[in-house]
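Note sheet for the following structure.
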Amino acid sequence: MRNGIKTGKPISNFSHVYKRLHRNKPSSTIVPGHNALPVHPFLNRTLTVREAARIQTFPDYYEFSGPIINQCLQVGNAFPCLVAQIFGERLRTVVNKDWNEESTTFLAKYSMLEK
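Residue numbering for the sequence shown is 1 to 115, as defined by this note's numbering.
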């Protein structure tokens, strides 16, 4: 028991939130909430909403609305734009049955067979 008080709640901290990004490695997951983005790789501050949005591959012209906490939630809840674009392009290829032998893996060919 900590300080003689038992609450029944697990002890938690925010160590997963305030992690410094490594400049030569992929970013950790940008999570919504806490109004806390990861720490800049070499400056002693958290990322700005714009920097976090760049990690999520939002175009620079995209504007987030509302107070900073809402903007952090918008970026943290987002799916990376370029990944979504690639998924959409691949899905369109499958739906339109517009694939060719060179660009299709064996597993993908198997999954597209009429059953």
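Beta carbons are placed, not taken as given, at the ideal position from N, Cα and C, and that holds for glycine. Bear in mind that the values here come from a model prediction, so they are computed numbers and not experimental data.
Please report the straight-line C-alpha distance between residue i and residue j, rounded to a whole angstrom.
i, j, result
"Leu47", "Gly88", "29 Å"
"Pro38", "Lys97", "42 Å"
"Ile86", "Leu43", "33 Å"
"Pro59", "Gly76", "15 Å"
"Arg45", "Thr29", "17 Å"
"Thr57", "Val49", "12 Å"
"Val95", "Phe64", "33 Å"
Round the Cβ separation of residue i and residue j to the nearest angstrom and send it over; I've been treating them as touching at under 8 Å.
i, j, result
"Pro32", "Cys72", "7 Å"
"Ala52", "Tyr62", "In fact, because the Cβ distance is near 12 Å, the residues do not count as touching under 8 Å."
"Ser136", "Ile55", "For the chain, the structure presents residues 1 to 115; residue 136 sits outside this window and is missing."
Residue i by DSSP, collapsed to three states: which one?
i, result
"Val31", "coil"
"Thr57", "coil"
"Arg20", "strand"
"Thr93", "helix"
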